[in-house]
Amino acid sequence: MRNVISIIRNIDKYIGNLIIATLLSFRRAKRKVSYSAISNILIIRLWTLGESLLTLPMIKKLKENGYNISVLVTKRSKEVFENVDFVDEIINLKNFWKVLRKFKKYNIVIDTEPYFNISAILGWFLGKKVIGFKGLFRDKLYDFKIEYNDKIHAVYNFCNMLKPFDINYKPEKLIPLKYTEKDEENVNNLLKECNLDDKKLIGIHCGIAETAPWRSWKKEKFAKLIEKLVEDGFYIILTGSKGDYEVNRKVLNLVDKKFKDKVFNFASKTNLREFAYLLTKFEVFISNDTGPMHLSAAMGTKTIGLFGPNLPERFAPFGKGNIAIYKARNLECSPCINVHKGEFKECKLNGKCMDLVEVDDVYNAVVSISIVKK
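All residue numbers for the sequence shown refer to this note's numbering, where the first residue is 0 and numbers rise by one.
Following this line, the structure appears as structure tokens:
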């Protein structure tokens, strides 16, 4: 899978740059935009659960200011926007012919993708004016170029895309996803089947997206942490999709057998809405730097994120009371992930930056947010 993703990135980079160079010859002279005349805005958000969640405060603020909001998605981002109530139209990129019929339909396109050429090309095709991040060759297609500040949180970088609208906005929390009474019922029944409906629960996400697997904390450390938390009276739910089931199973195999009856593998047992509700049942959620960490923060659950290849300044679990653990500031190779530059350097040190995070660092973080009573 990583090889496939690498091929896609290279195609996007090299073929995309050729397409962009060609499109530049068709650009018209810049015209001043009257924002009072703008009625419809298209947001381009093609990839990742996590960053899709991080765009929501910006998008909601646009809606509150009276704009009609459409979002261009793929299957990787679609569910996020289906479960909020401030998006007027969702367009799936797989419906390619429908997308082609929308040539220059939108007054403004906001390209929230940090480095993909395809999103900039789509922005040029679909919008009369385009807002995007400054810094790569693709920014030549943008009418408004927003500086990507890699020393601030991604939420604030996305909200900086509101500046052409004269909107200054600095949110304090993320937007929770909606779930139904049926979702609540399904999760509550699942917990009851496992005799967990009246237990103190901690959620742990051991998996990681396939784009950079070296972001993962070691399985042995997850197992030791689980043992310490079970000793303190907690029941542990390992979360994830179908693809996370195997990593959860391997972690469970490393847990001492005397603790295993209090650890449950819920990978693939919930859909996204059900998972959103399940997160609200946890006393705390512990996760690698990945999408479920951001969803936990959005749902208002106390969240601990584990960092190494990426910086918490950019992608920590957003919101008051959440904690990011990062101990690699003295490693020259960290951060090796710089999404705004399209950099995903493969780790040559076998995840050394993540190894610097110790079990007691995470356990003490749980203590510090008053979950464990000493």
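Beta carbons: idealized from backbone N, C-alpha and C, even for Gly.
Check	Outcome
Start-end ranges of the beta strand (DSSP E) lying completely within the region 95–148, minimum 3 residues	105–110, 126–132, 143–145
Beta-carbon proximity of residue 70 to residue 89, cut-off 9 angstroms	yes
Cutoff 7 angstroms; reference residue 163; Cβ partners in own chain excluding five residues on either side	130, 143
Pairwise C-alpha distance: residue 236 and residue 68	37 angstroms
Reduced DSSP category for residue 72 - H, G, I as helix; E, B as strand; rest coil	strand
Own chain residues within Cβ distance below 8 angstroms of residue 95, not counting five before or after	none
Local conformation of residue 204 per DSSP, three classes	strand
Whole-angstrom distance between residue 139 and residue 21, CA atom to CA atom	11 angstroms
Cut-off 8 angstroms between Cβ atoms - residues of its own chain near residue 77, not counting five sequence neighbours on either side	89, 91
Of the residues 118, 113, 226, the one placed nearest residue 18, counting alpha carbons only	118
Inter-residue Cα distance where the pair is residue 327 and residue 103	46 angstroms
Alpha-carbon to alpha-carbon, residue 285 and residue 302	6 angstroms
Straight-line gap, residue 179 to residue 81 (C-alpha atoms, nearest Å)	13 angstroms
Spatial neighbours of residue 47 in its chain, beta-carbon cut-off 8 angstroms, leaving aside the 5 residues before and after	75, 76, 208, 290
Whether residue 339 touches residue 113 by CB criterion (9 angstroms)	yes
Under 9 angstroms between C-beta atoms of residue 56 and residue 175	no
DSSP bridge partner residues for residue 89 (one or two, in chain order)	70
Where residue 229 sits in the DSSP three-state scheme	helix
Closest Cα partner of residue 72 within the set 64, 61, 87, 93	93
Whole-angstrom C-beta distance between residue 320 and residue 368, which should lie under 8 angstroms	6 angstroms
Residue 312 in three-state terms, based on DSSP	helix
3 or more residues per run - each beta strand (DSSP E) lying fully within the region 270–299	283–287
Span separating the alpha-carbon of residue 296 from that of residue 185	22 angstroms
Candidates 61, 187, 211, 44: closest to residue 273 by CA position	187
Residue interval of the alpha helix (DSSP H) (run including residue 49)	48–63
Contact set for residue 16: own chain, Cβ-Cβ below 7 angstroms, skip 5 residues either direction	116, 136
Collapsed DSSP secondary structure at residue 342 in the structure displayed	strand
Nearest residue (CA-CA) to residue 79, options 221, 101, 53	53
Close-in-space but distant-in-sequence residues of the same chain around residue 45 (CB under 8 angstroms, 5 per side omitted)	71, 72, 73, 75, 76, 92, 112, 115, 117, 118
In DSSP terms, what residue 325 is bridged to	306
Identity of the residues DSSP links to residue 262 by a beta bridge	235
Straight-line gap, residue 217 to residue 270 (C-alpha atoms, nearest Å)	26 angstroms
Option in 195, 244, 260 with minimal Cα separation from residue 225	260
Limits of the beta strand (DSSP E) - the one that residue 396 falls within	Not covered by the structure: residue 396. The range shown for the chain is 0 to 373.
Selected residue, minimal CA-CA separation from residue 133, among 156, 191, 121	156
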